[in-house]
Amino acid sequence: MFINIPAGKEKGIQVIPIGDFSSKDQFASAKNISAQDVLTANRFPAGMAGIIPQGAAGLGDPLKTNDVYQSNEVLPLARDIVEFINSDPELAKLGSLSVREPGQV
């Protein structure tokens, strides 16, 4: 649905339907699109979320997918967060954080 509020006048809120979800097929289609949009927006592999992508021949090797996701998405974000926390003088009094790199014990 799209909500339009033109200048707050009478009938200022108009609900304009842009699709009919009364049929199962359209609801399922919208649901699948929404799930894929969420995964894409968060750059999360569908196979790791337990979702089998449509039209895909297979999910590939889950261990390789996990390794790539960790090195390309998780570790850079974790490094940025740790750097931000460690740069705070008040938090530095409590100690510093570090990111455990792959292969470290």
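Residue numbers (my numbering): -11 to 93. Cβ atoms here follow ideal geometry from the backbone N, Cα and C, with glycine treated the same way.
| query | Could you give the distance in angstroms between the alpha-carbon of G46 and the alpha-carbon of A34? | reply | When rounded, the separation of the alpha-carbon atoms in G46 and A34 is 11 Å.
| Complete runs of the alpha helix (DSSP H) confined to the stretch 24 to 63 [at least 4 residues] | As far as the stretch 24 to 63 is concerned, its whole alpha helix (DSSP H) runs of at least 4 residues are 50 to 57.
| said: According to DSSP, is K19 part of a helix, a strand, or is it coil? | reply: Helix, per DSSP.
| Option in Q42, F72, F32 and D68 with minimal Cα separation from N54 | Of the candidates Q42, F72, F32 and D68, the one whose C-alpha sits nearest the C-alpha of N54 is F32.
| said: So, at 8 Å on beta carbons, what are the nonlocal neighbours of M36 in its own chain, with the 5 sequence-adjacent residues on each side left out? | reply: The answer, listed in chain order, is P50, T53, N54 and Y57.
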